[in-house]
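Protein chains in written order, with our numbering: chain C, 1 to 269; chain L, 270 to 517.
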Amino acid sequence: MTDHTLARAVPALPSRFERPGLTGFAMTLGILLFFMWSVQRTGVSLSEFIQGFPQMGRLVGEMLPPSTARLGAVGKALLETFQMAFVGTVVGVLISVPIAVLATRHLTPHPALYHLARNLIAFARTVPDLLWALLFIVSVGLGPFAGTLAIIVDKIGFCGRFFAEAMEEVDRGPQEALSAIGADKLSLVMCAVIPAAMPSFINTSLFSLEKATRSSVVLGLVGAGGIGIELKVAMDLFNYDEAATIILAIFALVILVEQASAWLRRRVI
Amino acid sequence: MRADDLVVRGLCKGYEGGAPVLAGIEFAIPSGQSVALIGANGAGKSTLLRCCMHLIQPDQGQVHLLGHDLTGLNPRALRHMRSKVGFVFQKHNLVPRLSALSNVLHGAIARSPFARSWLHGLASRELREEAMRCLARVGLAHIAARRVDKLSGGQSQRVAIARALMQSPRMMVADEPVASLDPSSGEEVMRLFSNLVRKEGLTMLFTSHDLSHAIKYADRVIALRQGVVALDAPSAELSVATLRALYD
């Protein structure tokens, strides 16, 4: 075979990278410039970070050994933190399911309800849980109830969106089969959609519980119950050894919840 | 003379931006007759079946199902009419994660009280016994509690047939019921399906790419080509070679 025929048999390879168009190039350049400006504005500095090491070392030194003087109170606050997360997640998930059905395009009874549900979910999601906690503290007072309410609203925003997406993505075949049998919309949701979307529901709910456990620690900082307030008081009074105990307790709780939810995921899904 | 269970008059259906899939389909199926609907891919067989149940709205034409014109029916009445027709799909369309028994119970959705046939845990003893009898008729009573996503293709299709039987239907419609099965399972399922339908004296309309099935299991064959009925003849007068010529 001659070189000439070989050249004809193997067509030219396309280039490895596509040459960007003018718009693509301008966008990349714009994002890069914005990043550099943001670095400057936020004062990100490697030298200052390195200079801060001794301070950090001093703090860690004062934290050790962690204090065991208030273990009982810390344990009680930790339990309250988890209870806030648990109740908030369970109630939030239960409220999210019907809202998510309304926010699922092919299941909603009316387009107006679809938009209403979507906007409600978006509103609940875009307002940070800390802000919800501040609002609920004003309405129901300081304490874990305000924090639990904040978690419920946060879960409606989080689970409502993911539940609706899961229901939109499930295989439509069983729904068509049940429609052909004469099922109404409620039966379709209960018999075909929810069972098919259940793995995603369980996954999202367990992830919500993990997220709520971490949130409920922070909510305590503004007085919405839980262990956060204990941490704030310990830090404000420079009781770093006690703060270390609280941080370790929070770490243990978060790891425990993550491990338990991973185990449940494996068992149920 | 037997009354017609399904009458289709001037049925047209097209999808946006494409040629019409169905262009004036006309036929009638008398009660108790078994009809095979054949045609190349894209000939409109599945669309026609779905239009017959108003799962897809036809653009024009009329469908009379079991003596009722489906065009003017309100959603409740339409659901009632659909409940009298068992529909078996190519991919069986069972609800995953649920047991075979729960899936069969869904066949009673239109006639059982609120929520009673959603899950076998909620169903009355009578409904559950009836569902078990339907499973027994397809030879699967022993796997009633097993999740359907753990079943083989052939078993899944038999559960789908049991679900259709649970409807106590007057007519059966099947969209390529054995297309996703291997030849041996396909033959077994088709034989079971046909025997059950004949034993109950039900009207049957099924689509198939297996021309020998069309001749063997149907009293009559209707062939679609380019959106119209290209052939409508008793299966006894047809051969596989004659039908194959319609695909050229």
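Every residue, glycine too, gets a C-beta built ideally from N, C-alpha and C.
Run through DSSP, which three-state label would residue i get?
i, result
"L:K282", "strand"
"C:M1", "Note that C:M1 has pLDDT 49, beneath the 50 cutoff, so the model's placement of it is unreliable and no number is given."
"L:D488", "coil"
"C:L253", "helix"
"L:R494", "strand"
"L:F475", "strand"
"C:I121", "helix"
"L:L396", "helix"
"L:V357", "strand"
"L:H349", "helix"
"L:A305", "strand"
"L:H389", "coil"
"C:P66", "coil"
"L:M322", "coil"
"C:F238", "coil"
"C:I273", "Nothing about residue 273 of chain C can be read from this structure; chain C reaches only from 1 to 269."
"C:D171", "coil"
"L:L334", "strand"
"L:Q424", "helix"
If you draw a straight line from the alpha carbon of residue i to that of residue j, how long is it in whole angstroms?
i, j, result
"L:C281", "L:I484", "27 angstroms"
"C:M1", "C:A9", "Confidence at C:M1 is low in this model, with a pLDDT of 49, below 50, so its placement is unreliable and no value can be given for it."
"L:W387", "L:M473", "27 angstroms"
"L:R380", "L:G423", "28 angstroms"
"C:N45", "C:A146", "For the record, residue 45 of chain C in the displayed sequence is Ser; it is not Asn. Distance between the alpha carbons of C:S45 and C:A146 is about 38 angstroms."
"C:W132", "C:V217", "15 angstroms"
"C:T28", "C:V87", "45 angstroms"
"C:W37", "C:Q175", "52 angstroms"
"L:Q359", "L:V447", "6 angstroms"
"C:C191", "L:P365", "10 angstroms"
"C:F271", "C:I99", "Limits of chain C in this structure are 1 at one end and 269 at the other, which puts residue 271 of chain C out of reach."
"C:T89", "C:I151", "7 angstroms"
"L:A429", "C:Q259", "39 angstroms"
"L:G496", "L:A312", "6 angstroms"
"C:L178", "L:G376", "8 angstroms"
"L:S368", "C:A73", "48 angstroms"
"C:G225", "C:S215", "11 angstroms"
"C:S96", "C:R41", "39 angstroms"
Between the options, which lies nearest to residue i when the distance is taken from Cα to Cα?
i, options, result
"C:W263", "C:L130, C:T89, C:E210, C:G173", "C:E210"
"C:P66", "C:D241, C:S261, C:Q259", "C:D241"
"C:A103", "C:N203, C:A212, C:R161", "C:R161"
"L:L374", "L:A448, L:R394, L:G330", "L:R394"
"L:V509", "L:V497, L:H482, L:G390", "L:H482"
"L:G355", "L:L512, L:R439, L:S477, L:L500", "L:R439"
"L:S315", "L:L409, L:G283, L:A429", "L:G283"
"L:G470", "L:G279, L:Q302, L:G287", "L:Q302"
"L:M350", "L:D328, L:H361, L:I378", "L:I378"
"C:L134", "C:L149, C:R41, C:V39", "C:L149"
"C:M167", "C:I202, C:G30, C:L78", "C:I202"
Evaluate residue i with the Cβ neighbour count: other Cβ atoms within 10 Å of its Cβ, from every protein chain shown; 16 or more gives buried, anything less gives exposed.
i, result
"L:A405", "exposed"
"L:Q210", "Because chain L here runs from 270 to 517, residue 210 of chain L falls outside it and cannot be looked at."
"L:Y486", "buried"
"L:N464", "exposed"
"C:P20", "exposed"
"L:E506", "exposed"
"C:L59", "exposed"
"L:Q426", "buried"
"C:S270", "No answer is possible for residue 270 of chain C: it lies beyond the span of chain C, which begins at 1 and ends at 269."
"L:V417", "buried"
"C:T68", "exposed"
Assuming residue i contacts residue j (C-beta within less than 8 angstroms), just tell me the rounded distance between them.
i, j, result
"C:S208", "C:F158", "6 angstroms"
"L:V332", "L:V290", "That belief does not hold up - the Cβ atoms of L:V332 and L:V290 are roughly 15 angstroms apart, past 8 angstroms."
"C:V222", "C:L130", "6 angstroms"
"L:R322", "L:V442", "Reading off the sequence shown, one finds Met at residue 322 of chain L, where the question assumed Arg. Right, the Cβ-Cβ distance comes to about 7 angstroms (below 8 angstroms), so this counts as a contact."
"L:G308", "L:L493", "4 angstroms"
"C:A243", "C:A234", "4 angstroms"
At a Cβ threshold of 8 angstroms, is residue i touching chain D?
i, result
"L:G455", "Any reference to chain D falls outside this structure, whose protein chains are C and L."
I want to check one thing, is the minimum distance from the CB of residue i to the heavy atoms of the ligand GTP below 7 angstroms?
i, result
"C:G157", "For the ligand GTP, the structure offers nothing, since it holds no ligand at all."
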